[in-house]
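Take a look at the structure below.
Residue numbers (our numbering): 9 to 351.
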């Protein structure tokens, strides 16, 4: 009998993680909240430069205008809570140490993991201390369990989604000083937290501290800051975000579409967006990052090919229930942080 036109229902799976003793069921997993990104085009610029005040702006002439097909992007960076399901389900050998702030140095390798490190305070913050390989393993696992085409975004997709139709340095305009409403970057809150926690160490001579105060010293619960026009949060600041692309010094001048570049130095991958530790990054700012580097400033969000309307990958009732529960829990964490900031 032909199976064409029939969907095979994915069966629930129950696993026990030996270290965390967490129970996990495939039909109860949390799927990241996704946003539909419309088709359009993106003009690439080959260079970026850092000003004396730490603000990063694009320079140079355009080298390519690429057509962008519709796709989906995570509304938020992947959280500790979401990543924890992957660890519980697979017993993935996640790193147990990572580069974190240190009282004697800016950053040093210290004990710390995806679940707990010096800069993590909530399971609704973006997951860090994982490295590129673990991020890739997560999207492969999530795709397999859900039947969907989840993946890391390409550099071009990331920038297109971050810009959300704008041509300015930042998605909110040209002024870095307005960042506190839109992005968790180095500001007075970060400066105060570093002085308090690290023997009076100051960041202003290194990362460009803004005069505003967003009440978040380190990484923040996702979704606290105002989104861009596509409805995506934290595209600038909070944490650096991994993309799929191998490291290349410049944009591809002969690119035909938004696909990830799989040539170049693939022992490094490109990261985007900046973090709470730095002044606001321009949306053109790009950096190569070793896949072996494990740090407290790097995490990821996911992308997805636009699902076919006839796709078999439909969430089960239990999965819908679990997704709604996660949204309620996240909303509660966001409201609590907003209330704390006002007090």
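C-beta atoms are modelled at their ideal positions from N, C-alpha and C, and glycine is treated no differently.
Which ranges would you report for the beta strand (DSSP E) in the segment 91–178 if only whole runs of at least 3 residues count?
-> 105–109, 115–119
In chain order, which continuous runs of the alpha helix (DSSP H) of length 4 or greater are located wholly inside the segment 203–273?
-> Segments of the alpha helix (DSSP H) lying fully in the segment 203–273: 212–215.
In chain order, what residues of the same chain lie with their CB nearer than 7 Å to the CB of residue 43, ignoring the 5 residues before and after it?
-> So the list reads 80, 81, 83, 238, 239, 240, once near-sequence residues are dropped.
Assign residue 306 to one of three DSSP states: helix, strand, or coil.
-> strand
Using the rule of at least 16 other Cβ atoms within 10 Å of the residue's Cβ for burial, across every protein chain shown, is residue 270 buried or exposed?
-> exposed
Helix, strand or coil: how does DSSP classify residue 62 here?
-> Confidence in residue 62 is poor, its pLDDT being 43 and thus under 50, which makes the residue's placement unreliable; the coordinate value appears in the next sentence. Coil.
Using 7 Å as the cut-off, classify the Cβ of residue 199 as near or not near the heavy atoms of the ligand GTP, replying yes or no.
-> Only the bare structure without any ligand can be found here, which leaves the ligand GTP out of the picture.
By the 10 Å Cβ neighbour count, where 16 or more other Cβ atoms means buried, how is residue 276 classified, buried or exposed?
-> buried
Looking at C-alpha atoms only, which residue of 45, 40, 72, 47 is the closest neighbour of residue 385?
-> Limits of the chain in this structure are 9 at one end and 351 at the other, which puts residue 385 out of reach.
Pair within 8 Å by beta-carbon distance, residue 177 and residue 290 | Yes, Cβ-Cβ distance for residue 177 and residue 290 is below 8 Å.
Contact belief for residue 133 with residue 311 at Cβ below 8 Å, rounded distance in angstroms | Actually they are not in contact, since the Cβ atoms of residue 133 and residue 311 sit about 21 Å apart, beyond 8 Å.
My guess is that residue 287 and residue 194 are in contact by the Cβ rule of under 8 Å, so how many angstroms apart are they, rounded?
-> 5 Å
Under the three-state reduction of DSSP, which class applies to residue 183: helix, strand or coil?
-> coil
Would you mind reading off the limits of the alpha helix (DSSP H) that contains residue 347?
-> 325–350
What is the DSSP secondary structure of residue 312, counted as helix, strand or coil?
-> Residue 312 falls in the strand class under three-state DSSP.
Count the CB pairs spanning the segment 245–257 and the segment 181–200 that are closer than 8 Å, and state whether there are at least three.
-> yes
By Cβ distance, which residues of its chain are closer than 6 Å to residue 140, with the 5 residues on each side in sequence left out?
-> 250, 277, 299
Beta-bridge pairing of residue 72 - partner residues as DSSP gives them = 52
Which partner residues does residue 190 have in the DSSP bridge list?
-> Looking at the DSSP assignment, residue 190 forms no beta bridge with any residue, so it has no partner.
Would you identify the three-state DSSP class for residue 86, choosing helix, strand or coil?
-> Three-state result, residue 86: coil.
Apart from the five residues just before and just after residue 102, which ones in its own chain have a Cβ nearer than 7 Å to its Cβ?
-> 95, 121, 122, 138, 142
Give the C-beta separation of residue 128 and residue 341 to the nearest angstrom, bearing in mind that I take them to be a contact with Cβ-Cβ under 8 Å.
-> Not quite, the Cβ-Cβ distance comes to about 13 Å (not below 8 Å), so this is no contact.
Counted within 10 angstroms of its Cβ, other Cβ atoms place residue 336 as buried (16 or more) or exposed = In the assembly as shown, residue 336 is an exposed residue. Its beta-carbon has fewer than 16 other beta-carbons within 10 Å.
List the DSSP bridge partners of residue 44.
-> 80
If you check the beta carbons only, do residue 307 and residue 85 fall under 8 Å apart?
-> yes
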